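In numbering that gives the first Met the number 0, the protein residues as written are 0 to 224. The C-beta atom is built at its ideal place from N, Cα and C for all residues, glycine as well. Values in this document were obtained by computation on a predicted structure and should not be read as measured data.
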Amino acid sequence: MGFYQKLIPKQSCVLCFETAKFCVCKTCESSFVINDNRCLCCAIRLSSNLSFCGECLSHSPAFSKTYVLYDYSHACAQLIKQFKFNHQLCIGDYFAHQLYGLYRLIIKENGNYDAIIPLPLSRARIKERGYNQTHELLRIIAKNTNTIIDTQSVRRIKATKPLSSLNLEQRKKEIKGAFSAQAMSYKKVLLIDDVMTTGSSLNELAKTLTKVGVESCDVLILARA
Ligand SMILES: [Zn+2]
Ligand SMILES: [Zn+2]
Numbered sequence: 000m001g002f003y004q005k006l007i008p009k010q011s012c013v014l015c016f017e018t019a020k021f022c023v024c025k026t027c028e029s030s031f032v033i034n035d036n037r038c039l040c041c042a043i044r045l046s047s048n049l050s051f052c053g054e055c056l057s058h059s060p061a062f063s064k065t066y067v068l069y070d071y072s073h074a075c076a077q078l079i080k081q082f083k084f085n086h087q088l089c090i091g092d093y094f095a096h097q098l099y100g101l102y103r104l105i106i107k108e109n110g111n112y113d114a115i116i117p118l119p120l121s122r123a124r125i126k127e128r129g130y131n132q133t134h135e136l137l138r139i140i141a142k143n144t145n146t147i148i149d150t151q152s153v154r155r156i157k158a159t160k161p162l163s164s165l166n167l168e169q170r171k172k173e174i175k176g177a178f179s180a181q182a183m184s185y186k187k188v189l190l191i192d193d194v195m196t197t198g199s200s201l202n203e204l205a206k207t208l209t210k211v212g213v214e215s216c217d218v219l220i221l222a223r224a
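This is the structure we're talking about:
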């Protein structure tokens with residue numbers, strides 16, 4: 000346990016330090032804005048009452064639908080950064096519970112998935128962080144459901160530059176051929192990642208999977224930038 004965590008009593012919010020039931024208090028939680036008007040395919044926020052964004056209409060992604068818990072902004076972005084870079088387990092635990100809640104709603108609506116596949120990180124990235132944080136996000140789903148969580152069949156075979164500095168076209172080019180998948184018998188797959196920015200990585204992953212027999216991919220993410 001890190002020094003920082005030792006300083007905070009167990010029951011206080013990691014964002015505002017007020018007393019909390021979990022590691023995030025109700026007030027901070029309610030600030031994680033969820034804007035319901037989103038593209039049905041990639042979950043980007045839409046200003047008008049449209050169903051799809053222009054990008055999905057002109058270049059339909061290889062996944063069908065994106066489910067999202069939060070907007071990647073303010074307190075929520077801070078919380079995700081704390082989780083990813085400081086490896087704060089209580090935050091991972093909090094997110095894992097929230098994600099499980101949404102997952103239950105999704106399978107109620109869509110039926111079960113044959114497998115859940117987290118976006119694979121490169122070996123260099125895992126080494127740098129010490130773990131793949133997406134696996135931690137799936138902990139409660141793994142504990143409470145029978146859904147296969149497959150972390151073995153897909154590998155990242157290309158270490159890409161950080162995509163954050165690239166525009167959409169450059170991202171697509173950089174991520175092309177980044178994944179390699181074994182032949183699989185799953186037809187319906189749910190892909191998981193923490194934050195979706197343009198969706199290029201998840202799109203490339205979905206494309207890779209459709210080449211090895213998967214018929215449909217949906218996406219579940221923690222936050223949409
Ligand atoms: Zn708080
Ligand atoms: Zn879209």
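| Asked | Found |
| --- | --- |
| Am I right that M195 and T65 are in contact with their C-beta atoms under 8 Å? What's the rounded C-beta distance? | 7 Å |
| Helix, strand or coil: which one does DSSP assign to I106? | helix |
| Candidates S72, E28, C55 and D70: which alpha carbon is nearest Y93's? | E28 |
| State the DSSP-derived secondary structure class of L201, mapped to helix, strand or coil. | helix |
| Taking the CB atoms as reference points, tell me whether E203 and I174 lie closer together than 9 Å. | yes |
| State the CB to CB distance for the pair L78 and V32, rounded to an integer number of angstroms; the pair is presumed to be in contact (CB under 8 Å). | Actually they do not touch by this definition, with Cβ atoms about 13 Å apart. |
| Enumerate in chain order the residues of its own chain whose CB-to-CB distance from L101 is below 8 Å, with the five nearest sequence positions on each side excluded. | Y66, L68 and L219 |
| Enumerate, from N- to C-terminal direction, the unbroken beta strand (DSSP E) stretches of 3 or more residues contained entirely within the segment 72–135. | 114–117 |
| Could you tell me whether the segment 79–98 touches the segment 106–116, where touching means 3 or more Cβ pairs closer than 8 Å? | no |
| Check whether the segment 178–185 and the segment 200–216 touch, using three or more Cβ-Cβ pairs below 8 Å as the test. | yes |
| Spell out the partners DSSP gives T65 in its beta bridges. | V218 |
| Of all the options A205, E17, K80 and L118, which has the alpha carbon lying nearest to the alpha carbon of P60? | A205 |
| Might you give, ordered along the chain, the residues of its own chain that have their beta carbon closer than 8 Å to the beta carbon of V153, omitting 5 neighbours on each side? | I116, P119, F178, S179, A180, Q181, L204, T207 and L208 |
| Determine whether the beta carbon atoms of R122 and A158 lie at a separation below 9 Å. | yes |
| How would you write the range of the alpha helix (DSSP H) that L165 sits in, first residue to last? | Taken as a continuous stretch (DSSP letters only), L165 belongs to no alpha helix (DSSP H), as it is neither H nor E. |
| Give me the Cα-Cα distance between A76 and K171, rounded to the nearest whole angstrom. | 24 Å |
| Taking 8 Å as the line, does the beta carbon of E203 fall inside it for any heavy atom of ligand 2? | no |
| With ligand 2 as the reference, list in chain order each residue whose Cβ lies under 6 Å from any of its heavy atoms. | C38, C40, C41, I43, F51, C52, E54 and C55 |
| Could you pull out every residue in the same chain whose Cβ sits closer than 7 Å to the Cβ of L189, ignoring the five residues on either side in sequence? | Y112, I115, D217 and L219 |
| Does DSSP put K187 in a helix, a strand or coil? | strand |
| Quick one, are the C-beta atoms of S200 and L162 less than 9 Å apart? | yes |
| Tell me, to the nearest whole angstrom, how far the beta carbon of S50 is from that of L39; I am working on the premise that it is less than 8 Å. | 5 Å |
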